[in-house]
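Residue numbers (full-length UniProt numbering): 1 to 335.
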């Protein structure tokens, strides 16, 4: 099938502006993701290898996605400037938007499903979430193949509506299920202790907020795709969906970081411990790690430049099931 359309069918503003807006959003969120990855890298060197592999694999996919988005933006708005017919062509968006976005979203959603299974006795809920996630990822793959075959934005709605609806609707449903399940599981395990209650409340707010954001963005993209099938307005959000998912995962990962001296800090339980001090240009990082359950926290003063020493001191305070499977707190301070 030809990958061009007649210029009479092309409305320049409605075709070029979503591409420009979506590209700017994607590049901006990629910058945010870089900062998130850096914070994760310096703050949590003791995290499990599996967690690190997931984070860096998602970062690799997002880097490829950003390169593809930049490539298409260059073709649409620079080398192809003035070529009105070219605005109708899908270019490499069939790979960057449905396929890579589907891959990123399924990794993030399966990560949250696993966390839910850790905190919950029930296996039915995480299995259900994982099933919906895999279904939407498969639909995204089919959507990408169909977009490659069709090649024109004008014909996408007629040729790819079913897999697109299954992909975006399934992804939004999965996000809502994850947000609700995480909020329920974490709240159920709240012991009421001040520090634990604050940590759980913060996690619930972060998970529900990020889940709601990704669900709303996905739903809005689907509505625009169905309501305005012959316009590319949905592209503005679709280009940034992958970055929303990766940033949502990193926000949850980095929610363990606290700024020392910040306002509205949670009550701190006193610890009797020995700390190891190492001087790094007068920057301070305090890292606390937990065994199982909720991951540890890192308190950062100034710029975090050091890593935790392996001398760990055991807390003198014992928590009575503050969070399921969270039994010990250990801390290290680096100055």
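For every residue, glycine included, the Cβ atom is placed at its ideal position computed from N, Cα and C. Just so it is clear, the structure is predicted and the values come from calculations on it, not from any experiment.
Report the three-state DSSP secondary structure of residue 49 (helix, strand or coil). Mapped onto the chain shown, residue 49 falls at position 49. Annotated three-state conformation of residue 49 is helix, per DSSP.
Are residue 172 and residue 218 closer than 7 Å when you measure CB to CB? Here residue 172 refers to the residue found at position 172 when the chain shown is read from its first residue. Here residue 218 refers to the residue found at position 218 when the chain shown is read from its first residue. Taking a C-beta distance under 7 Å as the contact criterion, residue 172 and residue 218 qualify as a contact pair.
Residue 247 beta carbon less than 7 Å from that of residue 97: Reading the chain shown from its first residue, position 97 is the one you call residue 97. Reading the chain shown from its first residue, position 247 is the one you call residue 247. No, the pair does not count as a contact, with Cβ atoms beyond the cut-off.
So what's residue 152 in DSSP terms, helix, strand or just coil? Taking the first residue of the chain shown as position 1, residue 152 is located at position 152. Reduced to three states, the DSSP call for residue 152 is strand.
When you compare only the Cα positions, how much space is there between residue 45 and residue 109? In the chain shown, the residue the question calls residue 45 occupies position 45. In the chain shown, the residue the question calls residue 109 occupies position 109. Rounded to the nearest whole angstrom, the CA to CA distance from residue 45 to residue 109 is 23 Å.
Quick one: what does DSSP say residue 88 is sitting in, helix, strand or coil? As a position in the chain shown, residue 88 is number 88, starting the count at 1. DSSP places residue 88 in helix when its eight states are reduced to three.
Leaving out five residues on either side along the sequence, give the residues of the same chain with a beta carbon under 7 Å from the beta carbon of residue 164. Taking the chain shown and counting its residues from 1, the one referred to as residue 164 is at position 164. The beta carbon of residue 164 is closer than 7 Å to those of 143, 225 in its chain, skipping five residues each way along the sequence.
Roughly how many angstroms separate the alpha carbons of residue 39 and residue 50, rounded to a whole number? As a first step, residue 39 must be located in the chain shown, where it is residue number 39. As a first step, residue 50 must be located in the chain shown, where it is residue number 50. Whole-angstrom Cα-Cα distance: 18 Å.
Hey, residue 215 and residue 176 are a contact pair by Cβ (cut 8 Å); roughly how many whole angstroms apart? On the chain shown, residue 215 is found 215 positions in, with the first residue counted as 1. On the chain shown, residue 176 is found 176 positions in, with the first residue counted as 1. A Cβ-Cβ separation of about 5 Å places residue 215 in contact with residue 176 under the 8 Å criterion.
Is the beta carbon of residue 60 less than 7 Å from the beta carbon of residue 37? Translated into positions along the chain shown, residue 60 becomes position 60. Translated into positions along the chain shown, residue 37 becomes position 37. Contact flag unset, no.
Quick check: residue 178 and residue 119, are their CB atoms within less than 7 Å of each other? By 1-based counting over the chain shown, the position of residue 178 is 178. By 1-based counting over the chain shown, the position of residue 119 is 119. No.
Runs of 4 residues minimum, wholly inside the region 77-140: which ones carry the alpha helix (DSSP H) assignment? Counting whole runs of 4 or more residues, the region 77-140 contains the alpha helix (DSSP H) stretches 100-119.
Considering only their Cβ atoms, is the gap separating residue 94 from residue 148 smaller than 7 Å? Working through the chain shown from its first residue, we reach residue 148 at position 148. Working through the chain shown from its first residue, we reach residue 94 at position 94. Result yes, Cβ atoms of residue 148 and residue 94 sit closer than 7 Å.
Which of the three DSSP states, helix, strand or coil, is assigned to residue 11? Taking the chain shown and counting its residues from 1, the one referred to as residue 11 is at position 11. Under the three-state reduction of DSSP, residue 11 is assigned to coil, being neither helix nor strand.
Look at the Cβ atom of residue 130, then the Cβ atom of residue 167, and state whether they are nearer than 7 Å. For the purposes of this step, residue 130 is taken as residue 130 along the chain shown, with counting starting at 1. For the purposes of this step, residue 167 is taken as residue 167 along the chain shown, with counting starting at 1. For residue 130 and residue 167, no; Cβs fall outside 7 Å.
Cα-Cα, which of 239, 254, 125 is closest to residue 21? Here residue 21 refers to the residue found at position 21 of the chain shown. The shortest Cα separation from residue 21 among 239, 254, 125 belongs to 239.
Who does residue 243 pair with in a DSSP beta bridge? Counted from its first residue, the chain shown places residue 243 at position 243. None, per the DSSP bridge assignment.
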